[in-house]
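Beneath this line is the structure, given in structure tokens, with notes to follow.
Number of protein chains: 2
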Amino acid sequence: MDQDCAGDPECPGLLPEPTAAELRLEAVLHALADPIRLRIVAELAGAGGGERNCLAFELPVTKSTLTHHFRVLREAGLIRQHRRGTSKMNTLRAADLAARFPGLLDAVLDAAESCFETSKPAAR
Amino acid sequence: MDQDCAGDPECPGLLPEPTAAELRLEAVLHALADPIRLRIVAELAGAGGGERNCLAFELPVTKSTLTHHFRVLREAGLIRQHRRGTSKMNTLRAADLAARFPGLLDAVLDAAESCFETSKPAAR
Numbered sequence: 644m645d646q647d648c649a650g651d652p653e654c655p656g657l658l659p660e661p662t663a664a665e666l667r668l669e670a671v672l673h674a675l676a677d678p679i680r681l682r683i684v685a686e687l688a689g690a691g692g693g694e695r696n697c698l699a700f701e702l703p704v705t706k707s708t709l710t711h712h713f714r715v716l717r718e719a720g721l722i723r724q725h726r727r728g729t730s731k732m733n734t735l736r737a738a739d740l741a742a743r744f745p746g747l748l749d750a751v752l753d754a755a756e757s758c759f760e761t762s763k764p765a766a767r
Numbered sequence: 644m645d646q647d648c649a650g651d652p653e654c655p656g657l658l659p660e661p662t663a664a665e666l667r668l669e670a671v672l673h674a675l676a677d678p679i680r681l682r683i684v685a686e687l688a689g690a691g692g693g694e695r696n697c698l699a700f701e702l703p704v705t706k707s708t709l710t711h712h713f714r715v716l717r718e719a720g721l722i723r724q725h726r727r728g729t730s731k732m733n734t735l736r737a738a739d740l741a742a743r744f745p746g747l748l749d750a751v752l753d754a755a756e757s758c759f760e761t762s763k764p765a766a767r
């Protein structure tokens with residue numbers, strides 16, 4: 644995996660994002676307060692820190708809507724995006740979030756998992 | 644304190660609210676994704692489970708805006724409201740939230756506390 648952009652603000656392919664110190668709780672909670680975005684975050688968390696192409700998410704929304712959701716997540720600091728050719732690759736900023744808001748992402752992911760299980764028994 | 648309405652859906656003064664089983668993660672996160680609502684929740688948590696009159700919150704918003712925020716919190720299931728005379732009394736539904744989404748409220752409150760400290764050193 645080409646993750647040499649991670650954490651390097653000078654990387655030419657890296658899309659604009661807040662620094663770890665700039666993460667705002669309201670923005671993080673707002674970004675998570677949507678079922679599609681929550682699912683993206685849960686899938687990235689399930690990928691164990693690996694990166695995923697935007698197109699690799701099978702979600703019931705149009706491409707432009709999905710692009711919007713990824714941007715909200717990136718601007719809130721939940722995910723990092725960098726361009727590779729014509730694709731955008733995504734990683735969860737789990738370490739930055741854990742450092743800034745300890746326990747928050749894990750609690751949300753645990754809650755999301757129980758919700759997904761309730762609403763979609765065969766979701767994962 | 645007159646808390647005999649707590650948890651009793653038949654109580655005439657109790658305002659409509661979701662049951663514990665009806666709590667939705669997205670609604671809870673959306674309700675928390677606002678600095679005024681976060682402050683209300685933090686103040687109620689700081690009150691140790693006690694009830695507080697809507698008018699007892701000193702927040703930089705108009706009364707009608709405050710009423711809106713309380714309604715969002717109640718409809719998301721974060722707070723319980725019941726009328727007493729011309730007042731509305733508020734309690735945090737900490738136990739319901741902890742049962743449905745373990746660790747979530749605590750993580751958000753911890754994060755909020757660190758944010759309040761950063762932005763307003765003398766806030767509490």
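Line by line, the protein sequences give chains P and S. The first sequence begins at 644 in the working numbering and counts up one residue at a time. The second sequence begins at 644 in the working numbering and counts up one residue at a time. All residues carry an ideal CB built from backbone N, CA and C; glycine is no exception.
Interfacial residues, the stretch 732-759 of chain S to chain P, with Cβ spacing under 9 Å | Residues ARG743, PHE744, PRO745, GLY746, LEU747, LEU748, ASP749, ALA750, VAL751, ASP753, ALA754, ALA755, SER757, CYS758.
Could you tell me whether the Cβ atoms of ALA674/P and LEU721/P are closer together than 7 Å?
-> As a working mapping, residue 674/P is identified with position 31 in the first sequence. As a working mapping, residue 721/P is identified with position 78 in the first sequence. The Cβ atoms of ALA674/P and LEU721/P lie closer than 7 Å to each other.
Cα-Cα separation, ARG680/P to ALA663/P = One-based indexing of the first sequence puts residue 680/P at position 37. One-based indexing of the first sequence puts residue 663/P at position 20. Taking the Cα positions, ARG680/P is about 20 Å away from ALA663/P.
Under 7 Å between C-beta atoms, does PRO661/S make it to chain P?
-> In the second sequence, counting from the first residue as 1, residue 661/S sits at position 18. Chain P, which has no Cβ nearer than 7 Å to the Cβ of PRO661/S, makes this no.
Can you list the residues of chain P that PRO703/S reaches, using a CB-CB cut of under 8 Å?
-> Numbered from 1 along the second sequence, position 60 holds the residue referred to as residue 703/S. Residues of chain P with a Cβ closer than 8 Å to the Cβ of PRO703/S do not exist; the shortest Cβ-Cβ separation is about 15 Å.
Min CB distance GLU669/P to chain S below 7 Å | Position 26 of the first sequence, counted from the first residue, corresponds to residue 669/P. Yes - at least one Cβ of chain S is within 7 Å of the one on GLU669/P.
Let me know the secondary structure DSSP gives LEU735/P once reduced to three states.
-> Counted from its first residue, the first sequence places residue 735/P at position 92. LEU735/P: strand per DSSP, three-state reduction.
Under 7 Å, do ALA670/P and ALA719/P count as touching if we go by C-beta distance?
-> Stepping through the first sequence from its first residue, residue 670/P is reached at position 27. Stepping through the first sequence from its first residue, residue 719/P is reached at position 76. The criterion of a C-beta distance shorter than 7 Å is satisfied by ALA670/P and ALA719/P.
Between the Cα of THR710/S and the Cα atoms of GLY692/S, SER730/S, GLY693/S, GLU694/S, which residue gives the shortest distance?
-> Position 67 of the second sequence, counting from 1, holds the residue named residue 710/S. Selected option, being the one with the closest Cα: SER730/S.
Find out if the Cβ-Cβ distance for the pair ALA754/P, PHE744/S is shorter than 7 Å.
-> Position 111 of the first sequence, counting from 1, holds the residue named residue 754/P. Position 101 of the second sequence, counting from 1, holds the residue named residue 744/S. It is a contact, given that the beta carbons lie within the stated cut-off.
In terms of residue numbering, what span does the alpha helix (DSSP H) encompassing ARG726/S cover?
-> Translated into positions along the second sequence, residue 726/S becomes position 83. Segment 722-727 is the beta strand (DSSP E) holding ARG726/S; no alpha helix (DSSP H) there.
Residues in the stretch 676-695 of chain P having any Cβ partner in chain S nearer than 8 Å = From the stretch 676-695 of chain P, only ALA676, ASP677, PRO678, LEU681 have a Cβ closer than 8 Å to chain S.
Do you know offhand how far PHE759/S's Cα is from ARG667/P's?
-> To locate residue 759/S, count along the second sequence from 1; it is residue 116. To locate residue 667/P, count along the first sequence from 1; it is residue 24. Distance between the alpha carbons of PHE759/S and ARG667/P: 11 Å.
Have a look at VAL715/S and PRO659/S and give me their C-alpha separation to the nearest angstrom.
-> What you label residue 715/S is simply residue 72 of the second sequence in a count that begins at 1. What you label residue 659/S is simply residue 16 of the second sequence in a count that begins at 1. The C-alpha of PRO659/S is placed about 12 Å away from the C-alpha of VAL715/S.
May I have the straight-line CA-CA distance separating CYS697/S from LEU747/P, to the nearest angstrom?
-> In the second sequence, residue 697/S corresponds to position 54, counting from 1. In the first sequence, residue 747/P corresponds to position 104, counting from 1. CYS697/S and LEU747/P: Cα-Cα distance of roughly 28 Å.
LEU735/S to ARG682/P span [Cα, whole Å] | Numbered from 1 along the second sequence, position 92 holds the residue referred to as residue 735/S. Numbered from 1 along the first sequence, position 39 holds the residue referred to as residue 682/P. So the alpha carbons of these two residues sit roughly 28 Å apart.
Terminal residues of the alpha helix (DSSP H) in which THR662/S lies | The residue you call residue 662/S lines up with position 19 of the second sequence. Unbroken run through THR662/S: none, as it is neither H nor E.
Residue range of the alpha helix (DSSP H) that includes GLU669/S = Indexing the second sequence from 1 puts residue 669/S at position 26. First-last of the alpha helix (DSSP H) with GLU669/S: 668-675.
THR708/S to LEU702/S, Cα distance in whole Å?
-> Within the second sequence, residue 708/S is the residue found at index 65, counting from 1. Within the second sequence, residue 702/S is the residue found at index 59, counting from 1. In a straight line, the C-alpha of THR708/S is about 10 Å away from that of LEU702/S.
Chain P contact residues for HIS795/S, given Cβ-Cβ distances below 7 Å | In the structure as shown, chain S starts at 644 and stops at 767, and residue 795/S therefore has no counterpart that could be examined.
Determine the burial state of ALA750/P: buried for a count of at least 16 other Cβ atoms within 10 Å of its Cβ, exposed for fewer.
-> To locate residue 750/P, count along the first sequence from 1; it is residue 107. Around the beta carbon of ALA750/P, 16 or more other beta carbons sit within 10 angstroms, so the residue counts as buried.
Distance, ALA737/S Cα to ALA688/S Cα | For the purposes of this step, residue 688/S is taken as residue 45 along the second sequence, with counting starting at 1. For the purposes of this step, residue 737/S is taken as residue 94 along the second sequence, with counting starting at 1. So the alpha carbons of these two residues sit roughly 8 Å apart.
For SER730/S, which residues does DSSP report across the bridge?
-> Here residue 730/S refers to the residue found at position 87 when the second sequence is read from its first residue. Per DSSP, the beta-bridge partners of SER730/S are ARG727/S.
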